[in-house]
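Since the structure comes first, as structure tokens, the remarks are kept for the end.
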Amino acid sequence: DVKVTQSSRYLVKRTGEKVFLECVQDMDHENMFWYRQDPGLGLRLIYFSYDVKMKEKGDIPEGYSVSREKKERFSLILESASTNQTSMYLCASRMGNVLYGYTFGSGTRLTVV
Amino acid sequence: QKEVEQNSGPLSVPEGAIASLNCTYSDRGSQSFFWYRQYSGKSPELIMSIYSNGDKEDGRFTAQLNKASQYVSLLIRDSQPSDSATYLCAVVFSGGYNKLIFGAGTRLAVHP
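Taken in sequence, the protein lines are chains G and R. Quick note on our numbering: the first sequence kicks off at 1 and runs consecutively. Quick note on our numbering: the second sequence kicks off at 114 and runs consecutively.
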């Protein structure tokens, strides 16, 4: 089975801190995605990457950046954390074929205080 | 506007009944459709995929697709309390990097 691992399950950070969320997948998937999920708003796409060193903005990229230096790792960076970035962050990966669904990591619940 | 619509629920069914979850989508050119189950506080888990019109069965789950009506559904037979979760419908829209577009989800509650 594909495994998508997110480095932290729970994280508490202070306003203004730079925050790194790490995601690693072990099945050589081309595509990787970062979502946030908030009650009543569903899954919202922040950024995605279709290959190493490639990145594309999703629906809500403001305040975030990403890095994909290696195929297996996709990092989400909060440049200056704010309280409205308190959320559940979900990483997902997929083979480069639309017949496959995404496999999600277990999520990181980030609280910014 | 690319949209996937689901009734938010909650859909409440008694144990042993059939639960029927519905989803409509806006892109007539969509080709791939998925159902995810998400327990409270957990991440979504892929349970079904369907690509052709008709029914696809996997254990107690049946996915149904009608591309002409732009409608996809999930039936859960012999519902169990452990099926209580939020079910997300996801569609690959044509164009635009073939991203999955998720519905907001339907909350299912199976009561003993």
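Where is the CB? At the ideal position from N, CA and C, for every residue including glycine.
For the beta strand (DSSP E) that serine 139 of chain R lies in, which residues bound it at each end? Run containing serine 139 of chain R: none; DSSP gives neither H nor E here.
Cutting at 6 Å between CB atoms, please list the residues of its own chain near aspartate 38 of chain G, excluding the five before and the five after it. Within the same chain, Cβ atoms closer than 6 Å to the Cβ of aspartate 38 of chain G are found at Ser87, the five residues on either side in sequence being excluded.
Return helix, strand or coil for proline 127 of chain R, following the three-state DSSP convention. In this structure, DSSP gives proline 127 of chain R an extended state, which the three-state scheme calls strand.
Contact with chain R by tyrosine 102 of chain G, beta-carbon distance below 7 Å: yes
Are the beta-carbon atoms of tryptophan 34 of chain G and tyrosine 50 of chain G separated by less than 7 Å? no
Runs of 3 residues minimum, wholly inside the stretch 18–88 of chain G: which ones carry the beta strand (DSSP E) assignment? Listed in chain order, they are 19–21, 23–25, 31–38, 42–49, 64–70, 73–78.
Excluding the 5 residues preceding and the 5 following isoleucine 163 of chain R in the sequence, name in chain order all residues of the same chain whose CB lies nearer than 6 Å to its CB. Phe146, Lys169, Ala176, Leu178
Please name the residue, chosen from G:Tyr64, G:Ser7, G:Asn97, that lies closest to serine 82 of chain G on a Cα-to-Cα basis. G:Tyr64
In three-state DSSP terms, what is asparagine 166 of chain R? Residue state for asparagine 166 of chain R is assigned as coil, using DSSP reduced to three classes.
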